[in-house]
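Quick note, the sequences are listed as chains G and S, same order. Just so we're aligned: the first sequence equals residues 1 to 297 in UniProt numbering. Just so we're aligned: the second sequence equals residues 1 to 321 in UniProt numbering.
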Amino acid sequence: MTATLQRPSTGAGNAVLKPHRQKPRRTVGDWILLIAVILVAALIAVPFLIILVNSFKSPSDYANGGPLSLPSNIYLDGIVNFWQRVNFPEKLWNSFFISGTVAVFAVIVSVFNAYAIGIGRVKGRVWVLVLFMIANTLPQEAMLYPLYFMFKQVGLYDNVWSVIIIFTVVQSAFGTYLLSAVFGTFPKEIIEAASLDGATRWQILLRVIVPISRPTLSVLLIFFFIWTWNEFLIPLTFLVSNANQTVPVAITALQGDRLMDVTTTSASALLGLIPTLIFFLIFQRTLTRGITVGSTK
Amino acid sequence: MATLPPASVIARSRRAPEMSLLPGVRKRGFWLYLIPGLVLFTIIVLVPLIWNIYLSFTSYRGIRPPEWIGLDNWAKLMGDDKFWVSFQNSVAMIIAMVVVPTLLGLVLAALLFDLVGKKFGGKFASFLRATYYLPQILPVAIAAIVIGWILRPENGALNTVLDAIGLGALQHNWLGSPDTALLSVMVVMVWVQIGYPVVIFMAALQRVDPELYEAAELDGANWFQRFTSITVSIIRPEIYVVVLTATIAALKVFGPIYALTRGGPGDSTIVPSYYSYSEFFQSQQVGYGATIATALTVVIVALTIIFILAQNRAERLENER
Chain G
1 MTATLQRPST
11 GAGNAVLKPH
21 RQKPRRTVGD
31 WILLIAVILV
41 AALIAVPFLI
51 ILVNSFKSPS
61 DYANGGPLSL
71 PSNIYLDGIV
81 NFWQRVNFPE
91 KLWNSFFISG
101 TVAVFAVIVS
111 VFNAYAIGIG
121 RVKGRVWVLV
131 LFMIANTLPQ
141 EAMLYPLYFM
151 FKQVGLYDNV
161 WSVIIIFTVV
171 QSAFGTYLLS
181 AVFGTFPKEI
191 IEAASLDGAT
201 RWQILLRVIV
211 PISRPTLSVL
221 LIFFFIWTWN
231 EFLIPLTFLV
241 SNANQTVPVA
251 ITALQGDRLM
261 DVTTTSASAL
271 LGLIPTLIFF
281 LIFQRTLTRG
291 ITVGSTK
Chain S
1 MATLPPASVI
11 ARSRRAPEMS
21 LLPGVRKRGF
31 WLYLIPGLVL
41 FTIIVLVPLI
51 WNIYLSFTSY
61 RGIRPPEWIG
71 LDNWAKLMGD
81 DKFWVSFQNS
91 VAMIIAMVVV
101 PTLLGLVLAA
111 LLFDLVGKKF
121 GGKFASFLRA
131 TYYLPQILPV
141 AIAAIVIGWI
151 LRPENGALNT
161 VLDAIGLGAL
171 QHNWLGSPDT
181 ALLSVMVVMV
191 WVQIGYPVVI
201 FMAALQRVDP
211 ELYEAAELDG
221 ANWFQRFTSI
231 TVSIIRPEIY
241 VVVLTATIAA
251 LKVFGPIYAL
261 TRGGPGDSTI
271 VPSYYSYSEF
281 FQSQQVGYGA
291 TIATALTVVI
301 VALTIIFILA
311 QNRAERLENE
321 R
């Protein structure tokens, strides 16, 4: 199909259509489709707006004006109450510390692994890669109970380090996989030049490979951070005491609590989504483009 | 989250010469760099995985040592209605996270790329793409809480709005009644998932040669024909990746169920991962929980292998043409 279609496209076809493309003609159909596409976007955005509006209402304001009205006056008690109740700064710090540490460690482990596989081309690398790839697909439940048992034995249960260690391994399985492909296509001349200058393996990794692949490494760092931030099952299982919980776990734990009135619940959802919205605003380009690093070959 | 097709990496490394990329440096020395990663991987993934499989053949309540009971758990699993319901619900999750988002995502990505990007400006297309992607960045449990808040039974936003516009008869305890709970969770998952295929497909569409379209247009092909015969066939690798990764994610769904329904009402929204979790930590039936988790793992790994084989086959056929 594609082959037959390709032939007539040289020359004539181009010339005819060039001006057409420069000055787009917008038909009625185009406008209708545009409206449809905008409607879908609005539908996706509406839940965010509803949560935003209602987090600043008092329960009676909500009862009177309904969920779609703007707050009659800015009411912060819901947010403040929830903030204090879960000790939100503590939860933010836990999430931040866990995600940040995991991101750094997982990138380091991934770089080492990928150096051995992509540049070193060690024997058995195919099997190592297959192993890591399968690990990417495994459900966490398949490791959950033994991990729970192990970390209890070594005294790291209900300790953020249990979660940090687990996610360092989980994320680096993906990182190794991705970086091995990137390193495998590393410009040969550069490594050869460094090698001829007498640099050791370690120096080449540190002074050549890492600096040159910095863009990829920072994309990985951002992804590991956000993925770890968003994790749920393992933090839920391992961080049982309040003081150790992450943001998503702490907020979920209080849903349905009898002390949570309607707008406080909305405020809790707002506090849960604000950090990730901030990450999104900062890393928008990386996130919406960078995600394709995982899909293109 | 995202897994990439390994075929190219593996093929490339298999063909590689028996030398490292560093001239004159033997490969063996590089093993040193692999040791920390492999040791960690063994402790955190391999050992627990095998241990979990072992537990699936035992009766174990978490206190006294596991007791070998052979295939009893597996026999029980085959006759366990709740287990089969949980997999049926996984199919519902696949519809919500794979089928609907992929089909809708194809159309949306093509519209954003072809129509909005070209006739209304690339900036606007990027803005819409970012909006679609927004729910994807949330912790999935928080995303569930957002929609769950709107679906609250007594004074929830949806019910209040329905009442206000005179459709009060449609008011419903969306998450609390067995007939709509699963559907409500599916809505949450469509909302969460829709941005993922759009972003991936839009990136893929940049590979499509515009001349192909122009040629097809000259040949009299309408938009839909061009869409199915050019767009879909060229971005097929990405479609495979999206379908595979989203299917795996759908089979693993846990957070939204935990946050919204805990599998209820009754077993109407139970999924395998939540079922095994509740066996582990609520019923203390660790052996049986391990059996469910192992069954889920087998399904996921089998699906992954089938997908990758199918993809490689499709790629080979494509190359032969």
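The beta-carbon is built from N, C-alpha and C at its ideal position, and this holds for glycine as well.
Nearest neighbour of G/V128, chosen from G/I50, G/L138, G/P139, G/N113 [CA to CA]: By 1-based counting over the first sequence, the position of residue 128 of chain G is 128. It is G/N113 whose Cα lies nearest to the Cα of G/V128.
Alpha carbon of S/D72 to alpha carbon of S/F57, nearest angstrom: Sequence index remark: in the second sequence, residue 72 of chain S carries index 72 (1-based). Sequence index remark: in the second sequence, residue 57 of chain S carries index 57 (1-based). The alpha-carbon atoms of S/D72 and S/F57 are separated by roughly 7 Å.
Hey, how far is the Cα of G/P211 from the Cα of G/R285? Counted from its first residue, the first sequence places residue 211 of chain G at position 211. Counted from its first residue, the first sequence places residue 285 of chain G at position 285. The straight-line gap from Cα to Cα measures roughly 21 Å.
Given S/I308 as reference, the closest of S/T297, S/S20, S/Y240 once Cα atoms are compared: To locate residue 308 of chain S, count along the second sequence from 1; it is residue 308. Residue nearest to S/I308 within the set S/T297, S/S20, S/Y240 is S/Y240 (criterion: CA-CA distance).
Other residues of its chain near G/F132: CB distance less than 7 Å, five sequence neighbours each side excluded: For the purposes of this step, residue 132 of chain G is taken as residue 132 along the first sequence, with counting starting at 1. Within the same chain, G/F132 has close Cβ partners A173, T176, Y177.
Residue range of the alpha helix (DSSP H) that S/S268 falls in? Against the second sequence, residue 268 of chain S aligns to sequence position 268. Run containing S/S268: none; DSSP gives neither H nor E here.
G/K91, buried or exposed, once every other Cβ within 10 Å from all chains shown has been counted against 16: For this step, residue 91 of chain G is matched to residue 91 along the first sequence. With 16 or more other Cβ atoms within 10 Å, it is buried.
Thinking C-alpha only, which one of S/A143, S/G156, S/M78, S/L251 is nearest G/P139? Taking the first residue of the first sequence as position 1, residue 139 of chain G is located at position 139. Residue S/L251 is the option with its Cα nearest to G/P139.
Check whether the region 75–83 of chain G touches the region 264–275 of chain G, counting contact only when three or more Cβ pairs, one atom from each stretch, lie closer than 8 Å. The region 264–275 of chain G and the region 75–83 of chain G touch, with three or more beta-carbon pairs separated by less than 8 Å.
Pair within 8 Å by beta-carbon distance, G/L147 and S/P36: On the first sequence, position 147 is the one that residue 147 of chain G refers to. On the second sequence, position 36 is the one that residue 36 of chain S refers to. Between G/L147 and S/P36, the gap from beta carbon to beta carbon reaches 8 Å or more.
Could you work out which residues of chain S lie near G/Y115, taking near to mean beta carbons separated by less than 9 Å? Here the question's residue 115 of chain G lines up with position 115 in the first sequence. Within chain S, F30, Y33, L34 have C-beta atoms less than 9 Å from the C-beta of G/Y115, given in sequence order.
When you compare only the Cα positions, how much space is there between S/R236 and G/V107? Here residue 236 of chain S refers to the residue found at position 236 when the second sequence is read from its first residue. Here residue 107 of chain G refers to the residue found at position 107 when the first sequence is read from its first residue. Between the alpha carbons of S/R236 and G/V107 lies a gap of roughly 30 Å.
So the candidates are S/V299, S/R313, S/V100, S/N312; which of them puts its Cα closest to the Cα of G/I134? The sequence position of residue 134 of chain G within the first sequence is 134, counting from 1. Checking every option, the nearest Cα to that of G/I134 belongs to S/V299.
Any beta carbon of chain S sitting closer than 8 Å to that of G/Y75? Walking along the first sequence from the start, residue 75 of chain G turns up at place 75. So, not an interface residue.
Going by DSSP, what residues sit across from S/T58 in a beta bridge? Numbered from its first residue, the second sequence carries residue 58 of chain S at position 58. S/T58 pairs with S/W68.
Which one of G/M260, G/A116, G/R207 has the shortest CA to CA distance from G/R85? The sequence position of residue 85 of chain G within the first sequence is 85, counting from 1. Sorting G/M260, G/A116, G/R207 by C-alpha distance to the C-alpha of G/R85 places G/M260 at the top.
How long is the line joining the alpha carbons of S/A290 and S/I69, rounded to whole angstroms? What you label residue 290 of chain S is simply residue 290 of the second sequence in a count that begins at 1. What you label residue 69 of chain S is simply residue 69 of the second sequence in a count that begins at 1. A straight-line Cα-Cα distance of about 13 Å links S/A290 and S/I69.
Where G/Y145 meets chain S, residues with beta-carbon distance less than 7 Å: Translated into the one-based positions of the first sequence, residue 145 of chain G becomes position 145. N52, L55, F280, V286, G289, A290, listed in chain order.
Starting from the Cα of G/Y62, find the closest Cα among S/E214, S/L77, S/I150, S/L32 and give me that residue. As a position in the first sequence, residue 62 of chain G is number 62, starting the count at 1. Minimum Cα distance to G/Y62 is reached at S/I150.
Please report the straight-line C-alpha distance between S/P272 and S/F83, rounded to a whole angstrom. Position 272 of the second sequence holds residue 272 of chain S. Position 83 of the second sequence holds residue 83 of chain S. The straight-line gap from Cα to Cα measures roughly 7 Å.
Should S/W174 go down as buried or exposed, given a rule of 16 or more other Cβ atoms within 10 Å for buried? Here residue 174 of chain S is taken as the residue at index 174 of the second sequence, counted from 1. By the C-beta density criterion, S/W174 is buried, having at least 16 other C-beta atoms within 10 angstroms.
With burial defined as no fewer than 16 other Cβ atoms inside 10 Å of the residue's Cβ, what is the status of S/G105: buried or exposed? Working through the second sequence from its first residue, we reach residue 105 of chain S at position 105. Classification of S/G105: buried, given that the 10 Å Cβ count is 16 or more.
Along the chain, where does the alpha helix (DSSP H) containing S/F30 start, and where does it finish? Here residue 30 of chain S refers to the residue found at position 30 when the second sequence is read from its first residue. It is not in any alpha helix (DSSP H) - S/F30 carries neither H nor E in the DSSP assignment.
Measuring CB to CB, does S/A141 end up less than 8 Å from S/A249? Numbered from 1 along the second sequence, position 141 holds the residue referred to as residue 141 of chain S. Numbered from 1 along the second sequence, position 249 holds the residue referred to as residue 249 of chain S. The answer is no: Cβ separation not under 8 Å.
Compare the C-beta of S/I306 against all C-beta atoms of chain G and say whether one is closer than 8 Å. By 1-based counting over the second sequence, the position of residue 306 of chain S is 306. No - not a single Cβ of chain G is within 8 Å of the one on S/I306.
Would you decide whether G/A36 is buried or exposed? Buried here means 16 or more other CB atoms lie within 10 Å of its CB. Position 36 of the first sequence, counting from 1, holds the residue named residue 36 of chain G. Exposed, since its Cβ has fewer than 16 Cβ neighbours within 10 Å.
Would you say G/R201 reaches chain S, if we count a Cβ-Cβ gap shorter than 8 Å as a contact? To locate residue 201 of chain G, count along the first sequence from 1; it is residue 201. At least one chain S Cβ lies under 8 Å of G/R201.
Three or more C-beta pairs closer than 8 Å, one from the region 187–206 of chain S and one from the region 110–120 of chain S: is that the case here? Yes, they touch.
Report the residue from G/N54, G/F88, G/P67 whose alpha carbon sits nearest the alpha carbon of G/I74. Here residue 74 of chain G is taken as the residue at index 74 of the first sequence, counted from 1. Distance from the Cα of G/I74 is smallest, within the candidate group G/N54, G/F88, G/P67, for G/N54.
Among S/A221, S/I292, S/L303, S/Y213, which one has its Cα closest to the Cα of S/G79? As a position in the second sequence, residue 79 of chain S is number 79, starting the count at 1. Ranked by how close their Cα comes to the Cα of S/G79, the residues S/A221, S/I292, S/L303, S/Y213 have S/I292 in first place.
Taking 8 Å as the threshold, find out whether the region 29–45 of chain S comes into contact with the region 114–125 of chain G through three or more Cβ pairs. The count of Cβ pairs closer than 8 Å, one atom from the region 29–45 of chain S and one from the region 114–125 of chain G, reaches three, so the stretches are in contact.
Chain G residues whose Cβ lies nearer than 7 Å to that of S/W84: Start at 1 with the first residue of the second sequence, and residue 84 of chain S comes out as number 84. Chain-order list of chain G residues neighbouring S/W84: empty, with the shortest C-beta distance near 18 Å, by a criterion of under 7 Å.
Same chain, Cβ closer than 7 Å to G/I50, neighbours up to 5 away in sequence not counted: Here residue 50 of chain G corresponds to residue number 50 of the first sequence, with the count starting at 1. So the qualifying residues of the chain are P67.
Cβ of G/V128 less than 8 Å from any chain S Cβ? Residue numbering aside, residue 128 of chain G sits at position 128 when the first sequence is read from its first letter. Yes, G/V128 lies at the interface with chain S (some Cβ there is under 8 Å from its Cβ).
Cutoff 7 Å; reference G/P98; Cβ partners in own chain excluding five residues on either side: Here the question's residue 98 of chain G lines up with position 98 in the first sequence. Residue identity differs from the one stated: residue 98 of chain G is Ile in this sequence, not Pro. Result list for G/I98: V160, V163, I164, T228, T246, in chain order.
Does DSSP put G/L52 in a helix, a strand or coil? Here the question's residue 52 of chain G lines up with position 52 in the first sequence. Looking at G/L52 - three-state DSSP - the assignment turns out to be helix.
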